[in-house]
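A short write-up of the structure that comes next.
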Amino acid sequence: MGMNIQETIASPLVWHPQTAAEAWQLKQTYDIEAVYTSGGTLLRTQWESGISAMPQHLIDLSAIRGLNELRVGEAGLVVGGQTSLQSCRSNALLSRHFPMVTEAIRTIAAPSVRQLATIGGNVASSIGDSIAALLGYDAEVIWFDGTREHRALLSEWLHEASAAKRGNERLLLSVLLPFEESLGETPVSNGAEDLTSQMKRFGAYHKVGRREAFTPSVVTACINGVLTCSNVIKQIRIALGGGQTVPVRLEGLEKEISGADVDGQLLRHVYDRTIELFEPREDLFASAAYRKSTAANLIVSELWKAAKDNTKQL
Amino acid sequence: MSEEAVKSESPYVLRCFVNGKEELIDTKPAARLLTIVRDELSLTGTKRSCEIGRCGACMVLIEGKAVNSCLTMAYQCSEKQITTIEGIAVQGMDPVQQAFLEEGGFQCGYCTPGMIISVKALLDENPDPSDDEIAEALSGNICRCTGYGGIWRAVKRAAEGRRQTT
Numbered sequence: 000m001g002m003n004i005q006e007t008i009a010s011p012l013v014w015h016p017q018t019a020a021e022a023w024q025l026k027q028t029y030d031i032e033a034v035y036t037s038g039g040t041l042l043r044t045q046w047e048s049g050i051s052a053m054p055q056h057l058i059d060l061s062a063i064r065g066l067n068e069l070r071v072g073e074a075g076l077v078v079g080g081q082t083s084l085q086s087c088r089s090n091a092l093l094s095r096h097f098p099m100v101t102e103a104i105r106t107i108a109a110p111s112v113r114q115l116a117t118i119g120g121n122v123a124s125s126i127g128d129s130i131a132a133l134l135g136y137d138a139e140v141i142w143f144d145g146t147r148e149h150r151a152l153l154s155e156w157l158h159e160a161s162a163a164k165r166g167n168e169r170l171l172l173s174v175l176l177p178f179e180e181s182l183g184e185t186p187v188s189n190g191a192e193d194l195t196s197q198m199k200r201f202g203a204y205h206k207v208g209r210r211e212a213f214t215p216s217v218v219t220a221c222i223n224g225v226l227t228c229s230n231v232i233k234q235i236r237i238a239l240g241g242g243q244t245v246p247v248r249l250e251g252l253e254k255e256i257s258g259a260d261v262d263g264q265l266l267r268h269v270y271d272r273t274i275e276l277f278e279p280r281e282d283l284f285a286s287a288a289y290r291k292s293t294a295a296n297l298i299v300s301e302l303w304k305a306a307k308d309n310t311k312q313l
Numbered sequence: 000m001s002e003e004a005v006k007s008e009s010p011y012v013l014r015c016f017v018n019g020k021e022e023l024i025d026t027k028p029a030a031r032l033l034t035i036v037r038d039e040l041s042l043t044g045t046k047r048s049c050e051i052g053r054c055g056a057c058m059v060l061i062e063g064k065a066v067n068s069c070l071t072m073a074y075q076c077s078e079k080q081i082t083t084i085e086g087i088a089v090q091g092m093d094p095v096q097q098a099f100l101e102e103g104g105f106q107c108g109y110c111t112p113g114m115i116i117s118v119k120a121l122l123d124e125n126p127d128p129s130d131d132e133i134a135e136a137l138s139g140n141i142c143r144c145t146g147y148g149g150i151w152r153a154v155k156r157a158a159e160g161r162r163q164t165t
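So the sequence lines, in the order shown, correspond to chains A and B. Those letters in the first sequence? Residues 0 to 313, by numbering that gives the first Met the number 0. Those letters in the second sequence? Residues 0 to 165, by numbering that gives the first Met the number 0.
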C-alpha cells in the first residue's frame, strides 16, 4: 500500500467562499474544473474508485454562514444544507416531527461518515438515501441562481436535475420540511372534507440493502398518509428510490387511490401499478425487476399494516 | 468577489493539534488526514485499509467525534483537535483498551485501534448505551477475525467500568 494515487497526481485548490454569491461566482469562473463540496465523503469514494477524477478546484461550502443549523421557519423546519447528517440524526425536532427522515439518516453509512457528510450533499447527489423520506414529507429545497434564492418542490428539483445534461449544478442552500396538518380535535380544512381526530396518520420508511448495516441501498421506500376510521385513504404520498435511481414520487398512483377503501382489490392495484410506474436503474447486483417487486411489496405491506392497525383500534 | 473567499493552495500549511500538541504540517489542502498522520507524523497506529470509509481501521477523533481519516481532507482539520490511538493512552492505558484486552476483543489486531476510537467516542457521549446504540456506533468498524463476540463484551465491560467509577 502506498500513497493514494489521486494525491500523487492531483492537488486541487480549495476555495472557501463566505457567501452563496461568492460560491456561485467561483463555479461560473472555473466551470467544469470546479466542484462544490460539503463533507466530501461521496466525492472521495468516487475519486478512489475512479468514477471521477479529482477536480482542479474544490468549492468548499462549509464556511457559508447560516447553512449548518436546523431552525423552525414560517413554513416548516429549515435544515441548512451544511448540517451534518449526524447532527440531523440526533436532532430532537427532526425526530419528533419527521421521524422517517431520522430513520433514513440512521441507515446512511455509519456515524463516523455522517460526522462529515451533510444533508445538502446527500440531496444534491440526487441519489442520497435521505431523499425518499424527504419526498414522503413533500419537502422543498431552497437554491441559489447567482442573483437570488428560489424555493422549489424537491420532487421538481430532482426531475430537473436528472433531465439536465450536465447534472445538478444548482447551488443548494437548505431543505424545507413543511409541518404536517394536525389530526387533533380541531378540524383542518382539506378540500371538501375535514381532517379530524377520527383519522389516523401512518407512515414508514424502509431501506433494503445487501447487508444489515452500512450498506448501499437497493431500494428505498417511503409511504406517508392519512386513513379515515373506515380505512378510506384521505392523503397518500409514495416515494421510491435506491441505488443509482433518482428517487421519485408515484403521483399518478397517489391520485388513483386517494379516496379509495383499502381492501384486497386496492392492494393488488397498488402492487401492479408500482411495478408499472417505478423505473429503477439496475446494476450487476440487482435487476430492475427485483427492485420493482421489492418496492411494490414494501408499499403494499405498509398500506395493509396501516389499515389492519386502524381496524384493530375500532 | 469579495476578498473573503480565501483559497487553500499547494503548498499548504495545516495547523492543527494532534494528541494535544500543536502541529504545523506542509501538505496539500486535499491531502487525506490518514496520509498525514501516518506518513508525516509517523503515527502508524491509525491503519490504512479500505480507504473509502467503509472499514473504520483509520478512525480518529476530531473534536472528540469518531471520523474516518481516509475521508477527511487536510483543510477540514484546520485548527481542530485530533486524537489518534497513540493519544488515547497518554495517561496510561485507557479503560476501553483494558476492556478489549480482558475480553479478548481482538485477534490479529488490525481493526483494534479503530474499534477503540469508536468505542471511546461512543462512551464519552453516551456512558450507558443500549445494544442498538452500540451496534449503530460500531456499524462503521469491520473485523474479519473475531466474530464480534469479544468486541461486544469489551464494549459492555468498558461501559460497566465507567458506571462503577462515576
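Just so you know, even glycine gets a beta-carbon here, dropped at the ideal spot from N, CA and C.
Residue from A:I256, A:F284, A:K291, A:D308 with nearest C-alpha to T219 (chain A): Walking along the first sequence from the start, residue 219 (chain A) turns up at place 220. The candidate whose alpha carbon is nearest that of T219 (chain A) is A:K291.
With DSSP as the reference, label L40 (chain B) as helix, strand or coil. Reading the second sequence from its first residue, position 41 is the one you call residue 40 (chain B). Note: L40 (chain B) maps to coil in three-state DSSP.
Compare the C-alpha of Q166 (chain B) against each of B:R156, B:E62, B:C144 and name the closest. There is no way to answer for residue 166 (chain B), as the model of chain B reaches only from 0 to 165.
Backbone CA spacing between K119 (chain B) and M198 (chain A) [nearest angstrom]: Reading the second sequence from its first residue, position 120 is the one you call residue 119 (chain B). Reading the first sequence from its first residue, position 199 is the one you call residue 198 (chain A). For K119 (chain B) and M198 (chain A), the distance between alpha carbons rounds to 46 Å.
Grab me the residues of G86 (chain B)'s own chain with a C-beta within less than 6 Å of its C-beta, minus the 5 sequence neighbours each way, in chain order. What you label residue 86 (chain B) is simply residue 87 of the second sequence in a count that begins at 1. For G86 (chain B), where only same-chain residues beyond five positions count, the Cβ hits under 6 Å are N18.
Neighbouring residues, chain B, relative to V207 (chain A) (Cβ below 9 Å): Here residue 207 (chain A) refers to the residue found at position 208 when the first sequence is read from its first residue. None at all; the shortest Cβ gap to chain B is about 16 Å.
What would DSSP say about T244 (chain A), mapped onto helix, strand or coil? If you number the first sequence from 1, residue 244 (chain A) lands on position 245. In this structure, T244 (chain A) counts as strand in the three-state DSSP scheme.
Which residues share a DSSP beta bridge with M58 (chain B)? In the second sequence, counting from the first residue as 1, residue 58 (chain B) sits at position 59. According to DSSP, M58 (chain B) bridges with B:N67.
Looking at the structure shown, is K46 (chain B) part of a helix, part of a strand, or coil, going by DSSP? Here residue 46 (chain B) is taken as the residue at index 47 of the second sequence, counted from 1. It is coil, neither helix nor strand.
9 Å Cβ cut-off: residues of chain A touching Y147 (chain B): The sequence position of residue 147 (chain B) within the second sequence is 148, counting from 1. Under the 9 Å cutoff, chain A gives no residues; its nearest Cβ is about 11 Å from Y147 (chain B).
So L302 (chain A) packs on V261 (chain A), CB below 8 Å; how close in whole Å? In the first sequence, counting from the first residue as 1, residue 302 (chain A) sits at position 303. In the first sequence, counting from the first residue as 1, residue 261 (chain A) sits at position 262. 6 Å between Cβ atoms; contact.
Of the residues that make up the region 50-73 of chain B, which ones have a beta carbon closer than 8 Å to any beta carbon in chain A? E50, I51, G52, R53, G55, M58, I61, K64, A65, V66, N67, C69, L70, T71, M72
Using only the alpha-carbon positions, how far apart do D137 (chain A) and S181 (chain A) sit? If you number the first sequence from 1, residue 137 (chain A) lands on position 138. If you number the first sequence from 1, residue 181 (chain A) lands on position 182. Approximately 16 Å between the Cα atoms of the pair.
By the criterion of Cβ-Cβ separation under 7 Å, what are the contact partners of G44 (chain B) in chain A? Sequence index remark: in the second sequence, residue 44 (chain B) carries index 45 (1-based). By Cβ distance, chain A contributes nothing, its closest Cβ being about 16 Å from G44 (chain B), past 7 Å.
For A22 (chain A), the first and last residue of its enclosing beta strand (DSSP E): The count along the first sequence starts at 1 and reaches residue 22 (chain A) at position 23. Looking at the DSSP string, A22 (chain A) is not in any beta strand (DSSP E); the run it does join, the alpha helix (DSSP H), is 19-29.
Under the DSSP definition of a beta bridge, which residues are partnered with F16 (chain B)? Numbered from 1 along the second sequence, position 17 holds the residue referred to as residue 16 (chain B). The partner list for F16 (chain B) (beta bridge, DSSP) reads B:E21, B:Q80.
Check the DSSP bridge columns for D128 (chain A) and list the partner residues they point to. If you number the first sequence from 1, residue 128 (chain A) lands on position 129. According to DSSP, D128 (chain A) bridges with nothing at all.
Just curious, the alpha helix (DSSP H) that I104 (chain A) is in, first and last residue? Position 105 of the first sequence, counted from the first residue, corresponds to residue 104 (chain A). From DSSP, the alpha helix (DSSP H) with I104 (chain A) extends over 98-105.
Determine the direct distance from the alpha carbon of L42 (chain B) to that of F201 (chain A), and round the result to whole angstroms. Along the first sequence, one-based indexing puts residue 201 (chain A) at 202. Along the second sequence, one-based indexing puts residue 42 (chain B) at 43. Distance between the alpha carbons of F201 (chain A) and L42 (chain B) is about 51 Å.
By how many angstroms is the C-alpha of S94 (chain A) removed from the C-alpha of A295 (chain A)? Looking up residue 295 (chain A) in the first sequence gives position 296. Looking up residue 94 (chain A) in the first sequence gives position 95. Going from the Cα of A295 (chain A) to the Cα of S94 (chain A) covers about 26 Å.
Going along chain B, which residues have a C-beta under 9 Å from G39 (chain A)? Sequence index remark: in the first sequence, residue 39 (chain A) carries index 40 (1-based). What G39 (chain A) touches in chain B: A29, L70, T71, M72, Q75.
For W23 (chain A) and L57 (chain A), believed in contact at Cβ under 8 Å, the rounded distance: Stepping through the first sequence from its first residue, residue 57 (chain A) is reached at position 58. Stepping through the first sequence from its first residue, residue 23 (chain A) is reached at position 24. Actually they are not in contact, since the Cβ atoms of L57 (chain A) and W23 (chain A) sit about 15 Å apart, beyond 8 Å.
Span of the alpha helix (DSSP H), counted from its first residue to its last, around F99 (chain B): Within the second sequence, residue 99 (chain B) is the residue found at index 100, counting from 1. Counting along the chain, the alpha helix (DSSP H) containing F99 (chain B) begins and ends at 94-102.
In terms of residues, what are the limits of the beta strand (DSSP E) holding R70 (chain A)? In the first sequence, residue 70 (chain A) corresponds to position 71, counting from 1. Element bounds for R70 (chain A): 69-72.
G139 (chain B) touches chain A at which residues, Cβ-Cβ below 8 Å? Within the second sequence, residue 139 (chain B) is the residue found at index 140, counting from 1. Going along chain A in sequence order, the residues near G139 (chain B) (Cβ under 8 Å) are A108, A109, P110, S111, V112, F213.
Other residues of its chain near E22 (chain B): CB distance less than 8 Å, five sequence neighbours each side excluded: The residue given as residue 22 (chain B) occupies position 23 in the second sequence. Answer for E22 (chain B): L13, R14, C15, F16, L40, listed in chain order.
Could you please tell me which residues of the region 6-20 of chain B, in chain order, have their CB closer than 7 Å to any CB of chain A? K6, S7, E8, S9
Local conformation of T219 (chain A) per DSSP, three classes: Numbered from 1 along the first sequence, position 220 holds the residue referred to as residue 219 (chain A). If DSSP states are grouped into helix, strand and coil, T219 (chain A) belongs with the strands.
What residues from the region 77-92 of chain B come within 7 Å of chain A, judged by C-beta to C-beta, listed N to C? none
So for V122 (chain A), helix, strand or coil by DSSP? Reading the first sequence from its first residue, position 123 is the one you call residue 122 (chain A). It is helical.
Taking contact to mean 3 or more Cβ pairs, one atom from each stretch, closer than 8 Å, check whether the region 115-130 of chain A and the region 77-84 of chain A are in contact. yes
Residues within the region 123-138 of chain B neighbouring chain A, beta-carbon criterion of under 9 Å: A134, E135, A136, L137, S138
Report the option in A:E275, A:R150, A:P11, A:V231 whose CA atom is closest to the CA atom of G251 (chain A). Here residue 251 (chain A) is taken as the residue at index 252 of the first sequence, counted from 1. Checking every option, the nearest Cα to that of G251 (chain A) belongs to A:E275.
Below 7 Å between beta carbons: does that hold for A158 (chain B) and I116 (chain B)? In the second sequence, the residue the question calls residue 158 (chain B) occupies position 159. In the second sequence, the residue the question calls residue 116 (chain B) occupies position 117. No, Cβ-Cβ distance for A158 (chain B) and I116 (chain B) is not below 7 Å.
Under the rule that 16 or more other beta-carbon atoms within 10 Å means buried, what is I150 (chain B), buried or exposed? As a position in the second sequence, residue 150 (chain B) is number 151, starting the count at 1. It is buried - the Cβ of I150 (chain B) has at least 16 other Cβ atoms within 10 Å.
Looking at the secondary structure, which residues open and close the beta strand (DSSP E) in which I141 (chain A) lies? The residue you call residue 141 (chain A) lines up with position 142 of the first sequence. From DSSP, the beta strand (DSSP E) with I141 (chain A) extends over 139-143.
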